[in-house]
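Student:
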Amino acid sequence: MLLGPSLALSAVLFALGVVGVLIRRNVVVVFMCVELMLNAVNLTLVALAQLHGTSGQIMVFFVMTVAAAEAVVGLAIILAIFRHVQTVDLKQFNLLKG
Amino acid sequence: MTSFLASVGYDRWILHVLLILPLLGMPLILLSPVRAARWIALVVALLEFGLGIGLWWAFDASNPGLQFVTDLPWMEGYGVGYRVGIDGISLLMVLLSVVMMPLVVWGSWRGIDHKQRGFYTLLLAMKVGMLGVFVSMDMFLFYVFWELLLIPMYFLIGIWGSANRLYAATKFIIYTFVGSLLMLVAILWMVFQVGKATGTYSFAYTHLLDNAAVLAPWGPWLFVAFALAFAVKVPLFPFHTWLPDAHTEAPTAGSVDLAVILLKMGTYGFLRFAIPFVPAFALSKTTGLVMSGLAVIGIVYAALVAMVQPDLKRLVAYSSVSHLGFVMLGIWGSTVESVQGAILVMVSHGLSTGALFFMIGMLYERRHTRMISDFGGLARVAPLMTLAFVITAFSSIGLPGLNGFVGEFLVLIGSFGRYPILVGVATTVVVFSAAYMLWATQRVFFNRFTNPRNEGIGDLNFREIAVLTPLIAAMFWIGLYPGPLLRRTEGAAKRYIELISPHLPEATLPGPITYGAPR
Amino acid sequence: MTHFVWLAILLPLLGAVANGIIAVRRPDSRRLVSFIGVGVLLGAFAVSLGVLREVAAGHGEATKLLLWQWIPVSDRLTIDLALQVDQLSAVMLMVITGVGSLIHLFSVGYMQEDPGYARYFAYLNLFVAFMLVLVLGASLPVSFIGWEGVGLCSYLLIGFWFEVDANSDAGKKAFLANRIGDFGVLIAMFMLWWHVGTLDYAALAEKAPAVLPYGGTIATTIALFLFLGCTGKSAQIPLFTWLPDAMAGPTPVSALIHAATMVTAGVFLVVRTGVIFALAPVAMEVVAITGALTAFFAATIALRQNDIKKVLAYSTVSQLGYMFLAVGTGAFAAGIFHLVTHAFFKALLFLGAGSVIHSMHHAQHHAGSHADPQDMRNMGGLRKAMPWTFILMAIATLAIAGLPPLSGFFSKDEILAAAFARGETNGLYRVAWGLGLAAALMTAYYMSRLMAMTFLGTFRGGSDVEPHLHEAPAVMTAPLAVLGILSVIGGALNLPSFVGGSHGLEHWLEPVTEPATRLMDALVMPHGSVEYALIAGAIAIAITGLVVGVRSTLRSTIPTPAEAPAETGIRRLLYGKYFIDELYQKLFVGPLVWFSRRVLWQGFDQFLVDRMAVGGTARVAQGLGWLGSRLQNGQVAFYVTLFAVGVVLILRTLVG
Amino acid sequence: MRLIDLSTPEGATLALLPELLLTAWALVVLLVIGWRHKTASDMRFVGVLSLGGYVLAGLATAWLAMEQARPDGLAIMVALDGFRFASNALLVGIGAIITVMSLRWLERQGILAPEYYVLLMLATVGMMLLAGAADMMTLFLGLEVMSISVYVLAGYDRTRRASAEAALKYFLIGAFASGFLLYGIALIYGATGQFNFTLIGAQLASTEPTLMAKLGMGLLLIGFAFKVAAVPFHAWAPDVYEGAPTPITSFMASGVKAAAFLALVRLLAEVFPAFVELWRPILAALAIATILIGNLVALAQTSLKRMLAYSAIAHAGYLLLPLWAHSDDGTAAVLIYLIGYSITTVAAFGVLASIERAGARTVQLTDLEGLYAVRPFASIALSVCMLSLLGFPGTFGFIGKWFLISSALHQGEVLLPIVAMIGSGISIGYYIPVVLSMTLKPTRTRSAHQTIRFPRPAKLAVALCVAAIIILGVWPKPTLDFATQEAVQLRRGATPIFAR
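Residue numbers (this note's numbering), protein chains in the order written: chain A, 1 to 98; chain B, 1001 to 1519; chain C, 2001 to 2656; chain D, 3001 to 3500.
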């Protein structure tokens, strides 16, 4: 049921996430784009679960949990660096290079 | 002598003892007080010499194969073993190593005045590597020793060398390491291919050699891989530029070891590995022409460059390049005569160049310069050293009656049939070698005494005489009576020729003269 | 005694070692040194005499004496250290030890005050040992030991007074020129072994004619390479320039090495390997014409030299040319004959010159003069102070000029006759003969000029020097006297038939030369009126030369070196030795050194290999690394873009 | 042989015993931290305490290995074979040794938060799960557990901006890469309907490769390429390695990389054997690019830590060779090389950590000049490490290089080994200067050197590692035997057996 469109939608979402990561400069937005990617995959899994049974849906739960954990850690890290540079512009984070 | 050696089971333990003794000496030196370091090194060296010299008698000249063979498991199941043994070629190299050992230690007696423990430890480490390379009959073991040798040499040059030592040390290690990288791939590939064909994956030299026919399809790249490693070490023109730097900057002991042993590892490698494994390609017309051509270019080129060197050590370094070219030419001459000659050149180059480096070291200890222009007229203040130097110089340029001649003569006459024109070109070096050697000798020992700072230079002392005497005696011995040496290598040389003769291309250079076997 | 011929080598060798040790340990034990130095030579001479007797008593066959296997390398190449005693080596043995003994004796006086006395005798003894190895060797490689060994001793002795740069230079030059020749000998040996399969003289003489086609390329090539060796050792064109420089050594050395023995080794070698030359007529022509040209040109140079030793040196080169002319015509015996007589009179001349220099040096030393004791322009009228030397040198002059019945007359005449005879069939030899004749005229001229400048007229070296001039001590004049006698009677060795002789030396050498002469066209010597005409002509030329030389010298005023005007025109050319040395320097030595330094070392080694190839590789790697490092700009966006590029590439490979 | 039925709770517990024990211990330690988290001695106490977890996990692994535990039927979520036990042993070892290295270092740097050790343990658990996974879910979970812990650890030195920036970069790009990996998993799931490795493998082997499967595999590879820092997915690594606290850098370069490689070996062996022709060119290209770029850029570095980071990238390139080989040889080679490489890297960073000082800038190559005269132990240890990384005979690095090159050669491939050798040739250009600076250059900063204090535990650990490098280099037989005989039992293209 609507397997093709769901997969296509999730692919588009995933691509949007990727593009977002590529072009956005705000750390928080970039992070949100990454979350978008994960959720796109979740959509894929759910869609495919129609075809292959429940294991895909189980996977989705794991992914959501992981994403939540990632969000916690990620935001903490962003906060940590914000304390140092007082900005969320990715461009400013180039102390390490070479 | 022979029966006495047999009664103590000499042939069973000697090679292992030779390898282990310096290994035992190393921690001993490190743990003992600084003053004892050189004494321990000397004792170890003398022990090595005393024990190792027995090989001369214990070696069975009538047996062309490997002797003193031991095959102990090391990495069973991976084809790697502690496999050692020697034939006539290795014998001479091992003997040369053990003979030089006490001389090198004693020759460094005064020149090394700081970090003595480290110095003598590394000296012993180098000995292990040198002996190991020549006795290994397992490709893995060989490679380990081959590479291991770089480390002590690197530090010897880098710590105890002269002004430009860091550059020289780096150049040395990078050159030689990079050169031998492909050799590892080649060895592994050989083991794999032979293993696939025979079902036995083994690094054993004899196993690989017996089944070398399997390797023929990969001849070109296997040869190139080996040749690169060995050519750098020889050093064959145009891979020689590391040598003058390394020689020049190294302390006396390093220069001597480098000249006497290390360079021989390259030619030894060609003779032992690179050619026998892939004879068809290695001895094919084109390869032969390229290799012997490079050898001959090196012979003449290095002699010419040596002529214009302002630095004595650098001059001798280039002369080494020239001499080693003879060895290469002899190897590709592919006759019993030329190969025997090549082996003999290896030995006699060791003696004469070793002695030259010792003497330059002695000059350096006195005057802290190696520049030819800083000397002049030394014959007046140091007649004995002049005598020794002149004898050595003439030995180096191949005066008949001294050691240099015999080997070079055999190389040239033996290779003439295959490469008449190249040999002709190579022979011109009798003029150039005389030119650089005599010119240098003249500017250092003869001519007007111009530099007053040389006044107090002093002649050879007892220790220095004792270091040089054995070398000079050996020069006369080999020059006048090389028979015992030649007899010991004859078996190996003949076996080698038998091995490769099916792969030798028929005729020779295009040209007016074509030679067959001598009538 | 033949079986103890090695003693003749061993004795001088031991002498060399003993004197060497003395030179290092107790350089002032002159008496011991003299005793050893001369003693071993006399011993060797005694051995030689014994050998000569036995060879004379024998039936002509050579005796081969195996000492030990030298280079036993394989079944097909085993070089024995073997000696060969036959007629040729016996003659050479006599010359070397005989003349050698006299010169050693002379040296006792001549070198008495030199601080390097012991060293000198060590070298000289060593030289004799090597020279004997050269002539006694039974094969080319063994002879080659001696061949190079004498070169070594020559090097050491020329540079004996090493503290003068020019002397060391001269020694080095001599050795290098010799080495160029040795290159030829080596190549010849290689070719001989590969073609004939042996390097033994005896075996070569036997096998070579069977293996090498007569007149073939191979035989010619081998012969020419051998001859290259001879030109080096015997100072022939083009390698003759070292010999005049070699006069830098002590004068007895010049007498022994650079006149009597070593430089004749080339002639000896041609005779020894006569078979090879006989197989190569073209090579023979080259030998003859080179010899004749050398004889001629060296004589022209000798005309204008003022250094007494230089004159003699060029004279030696010229006389050696005669010898090569002789062997080049196939008259091997004549060559050896001239070698022997030349050894006598040229040794005498050199030693006489030595006496003169010795005397001049002492006198100048006493008078505090710093003039050149060797320059004839400082001499003149010495006959009063040195009558013995004058008389003996006069004998030698007449001998070298070729006045009968002195030895030089017979030997030179033999050579010219042989060249004339060959000229019947081959015009080239006629030219050679003409050159030889012209050289003979000049020889007489420059020798009489030398005598006149030195001994006649009045002393030009300053009145303060003159009173100190005196005759040499007996130890020096005695050898001169012996050589004088030999120079007179030396011709008796090989008296030609027209004076009732029987060509004694020629017959004596026949067993040695026969294999070679058999291969060549027989040499039909001129007979009857032609022969007498030639002899008369030669005598006339000699007399003309002598008379003109003396008269013109005495008639002209000779300026002292300081006030001498610069030479011009052809005289300048001759005085400057045709500027051959300068030419070689400009043409070969200079460019080679420049090429080695600038092109090979700095250009190729340091720039191309080190800087470009090795350093370049390193720099390229470093540069790439630097570039990569710059790309690592710290921007997450860029990293992610890189990531995305990778994704695209991978997915494309999988999908495409 | 002990057969374990993984479908029962007891069986699963047994099979996961090492991971469970370590997790439990981590939680216990976390509890302890509730009381003790104030002082430096608390830090030390917690550190030493956490070692117990590694010991337990190690013992459990050893027990499983000794019992020769094997799945009764199909391995459902986690593998039970020699390879997993070997992986576990390696990873637990790395975790433990990093703990030891950190013991005094953290206090010296003024980092007084003992949760560090807990995170380290949890990361180790994640690594073990990742390497031992037999199922995509386990794989993903292991990966994330490891990653999230390491994100935090990378930024642990909060007072340093570099550390925070490193964490941020690692986190952003890591999460980004996770997305790809996850998408790959989803697509594979879509193509086969399975998460289990063996079942997917069987499925893929029995049908023509579909686009979805191919894309899925590609995305999975990309995810792993990121983790092992293969070019062009490597860009994060130098920055993160430089910014992270040195023990964590060491942990990432050894442990994280090892776990990723081990998982990748299993993945390629069990899931994608049928696609071998598809992924080989990709791996080859990655290997060549990684080797060359890693080594070349390392040449241009002046900071020791950054140089080691690039060197780590280059070594990832080498490690792709045995993966490419796709054979038992290759599997053994990966293990052997990882053992040698991990030990060496840990020791090298250990020395580096000892040279660093709190608040100081990163250690430059020139700072090492003349170190030997003042701190001979540190310089000899670092020299040995450099030689081992270079693959010099006499060190275990050489043995690894030997197996690695052999494995590719045995598949008839010569180009890759030659590229590896070229890389090795370039690498001497930056390894040797380290040795040179320390031993041959004159001391320029003697007083600075004298302030270097090698914490005793770290010194001990480094000494152990160096000894291991040399001893294993000379007598590697037991290790080789273990790797070649025990650890290669991956199911390669085998048809699954349905037990139930």
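Heads up, the beta-carbon is just placed ideally off N, CA and C, and yes, glycines get one too.
Who are the near neighbours of Gly1516/B in its chain, counting only those whose CB is closer than 7 Å to its CB and skipping five residues on each side?
Tutor: Because the pLDDT of Gly1516/B is 44, which lies under 50, any placement of that residue in the model is unreliable, and the number read from its coordinates should be weighed accordingly. Nothing meets the Cβ criterion.
Student: Note down, in chain order, each residue of its chain lying with its Cβ closer than 8 Å to the Cβ of Met2189/C, except the 5 sequence neighbours on either side.
Tutor: Leu2140, Pro2141, Phe2144, Leu2199
Student: Quick one: Cα of Leu1188/B to Cα of Val1224/B, how far?
Tutor: 15 Å
Student: Can you pull the chain C residues whose beta carbon is under 7 Å from the beta carbon of Leu75/A, in chain order?
Tutor: Within chain C, no residue comes near Leu75/A; the closest Cβ sits about 17 Å away, beyond 7 Å.
Student: Any C-beta of chain G sitting closer than 8 Å to the C-beta of Asp3481/D?
Tutor: The chain inventory of the structure shown lacks chain G, comprising the protein chains A, B, C and D.
Student: Who does Lys2064/C pair with in a DSSP beta bridge?
Tutor: DSSP, once it has assigned bridges, lists Gln2084/C as partnering Lys2064/C.
Student: Looking only at DSSP bridge pairs, what is Gln3364/D linked to?
Tutor: BP columns for Gln3364/D point to Ser3303/D.
Student: Is Gly1085/B helix, strand or coil when you go by DSSP?
Tutor: Looking at Gly1085/B - three-state DSSP - the assignment turns out to be strand.
Student: Using 8 Å as the threshold, is the C-beta distance between Thr3331/D and Val3231/D below it?
Tutor: Against a cut-off of 8 Å, the Cβ pair of Val3231/D and Thr3331/D comes out as no contact.
Student: What is the rounded straight-line gap between the Cα of Gly1269/B and the Cα of Phe1134/B?
Tutor: 9 Å
Student: Using 10 angstroms around the beta-carbon of Asp3239/D, count the other beta-carbons present and answer buried if the total reaches 16, otherwise exposed.
Tutor: buried
Student: Verify whether the separation of the beta carbon atoms of Ala2472/C and Thr2341/C is less than 8 Å.
Tutor: no
Student: Quick check on this structure: which residue in Trp3063/D, Phe3171/D, Glu3208/D, Gly3317/D has the alpha carbon closest to the alpha carbon of Leu79/A?
Tutor: Checking every option, the nearest Cα to that of Leu79/A belongs to Phe3171/D.
Student: Alpha carbon to alpha carbon, what distance is there between Ala71/A and Gly56/A?
Tutor: 22 Å
Student: Inspect the beta-carbon positions of Gly2321/C and Ala2298/C and report whether they are closer than 8 Å.
Tutor: yes
Student: Who are the neighbours of Met1075/B on chain D, taking C-beta pairs under 8 Å?
Tutor: Pro3476, Lys3477, Leu3480
Student: Any Cβ of chain A within less than 8 Å of the Cβ of Ser3007/D?
Tutor: no
Student: Using a beta-carbon distance cut-off of less than 8 Å, what residues from the stretch 2066-2086 of chain C approach chain B?
Tutor: Cβ contacts with chain B come from Trp2068, Gln2069, Trp2070, Ile2071, Pro2072, Val2073, Ser2074, Arg2076, Leu2077, Leu2081.
Student: Let me check one thing: in DSSP terms, what residues is Pro1073/B bridge-paired to?
Tutor: Gly1081/B
Student: Starting from the N-terminal side, write out each stretch of the beta strand (DSSP E) that is 3 residues or longer and does not extend beyond the stretch 2071-2147 of chain C.
Tutor: Taking only runs of at least 3 residues, the beta strand (DSSP E) segments lying wholly in the stretch 2071-2147 of chain C are 2078-2085.
Student: Look up Asn1521/B in the DSSP assignment and say whether it is helix, strand or coil.
Tutor: Because residue 1521/B is not part of the residues shown, which for chain B are 1001 to 1519, the question remains open.
Student: State yes or no: is the beta carbon of Gly2646/C nearer than 8 Å to at least one beta carbon in chain A?
Tutor: no
Student: Rounded to the nearest angstrom, what separates Gln86/A and Ile3469/D at their Cα positions?
Tutor: 46 Å
Student: When burial is assigned at 16 or more other CB atoms within 10 Å of the CB, is Asn2167/C buried or exposed?
Tutor: buried
Student: With a cut-off of 8 Å on the beta carbons, I'd call Gly1266/B and Ala1317/B a contact; round off their distance for me.
Tutor: With a Cβ gap of about 15 Å, Gly1266/B and Ala1317/B do not count as contacting.
Student: For a contact defined as C-beta to C-beta under 8 Å, what are the partners of Thr2641/C on chain A?
Tutor: Leu22
Student: Report buried or exposed for Asp2669/C, applying the criterion of at least 16 other Cβ atoms within 10 angstroms of its Cβ.
Tutor: Since the first residue of chain C shown is 2001 and the last is 2656, residue 2669/C is not available in this structure.
Student: Rounded to the nearest angstrom, what separates Thr2221/C and Val1234/B at their Cα positions?
Tutor: 34 Å
Student: Against Gln2632/C, what residues of chain A qualify as contacts under a CB-to-CB distance less than 7 Å, listed in chain order?
Tutor: Ordered by position in chain A, the residues that pass the 7 Å Cβ test against Gln2632/C are Lys97, Gly98.
Student: Taking only three categories from DSSP, how would you classify Ile1513/B?
Tutor: Bear in mind that a pLDDT of 41 at Ile1513/B, under 50, signals an unreliable position, so the model cannot answer this.
Student: Determine the DSSP secondary structure at Ser1007/B, reduced to helix, strand or coil.
Tutor: helix
Student: Contact between the stretch 2348-2362 of chain C and the stretch 2479-2491 of chain C is defined here as three or more beta-carbon pairs at a separation below 8 Å; is this criterion met?
Tutor: yes
Student: With distances taken Cα to Cα, identify the nearest neighbour of Ala2562/C among Gly2634/C, Met2376/C, Tyr2446/C.
Tutor: The option with the nearest alpha carbon to Ala2562/C is Met2376/C.
Student: Would you mind telling me which residues of chain B sit closer than 8 Å to His3410/D, beta carbon to beta carbon, in chain order?
Tutor: Phe1192
Student: Report the CB separation of Met3137/D from Phe3176/D in whole angstroms; it is logged as a contact under 8 Å.
Tutor: So it is not a contact: roughly 21 Å between Cβ atoms.
Student: Using the beta-carbon of each residue, which ones in chain B are nearer than 7 Å to Arg2597/C?
Tutor: Val1308
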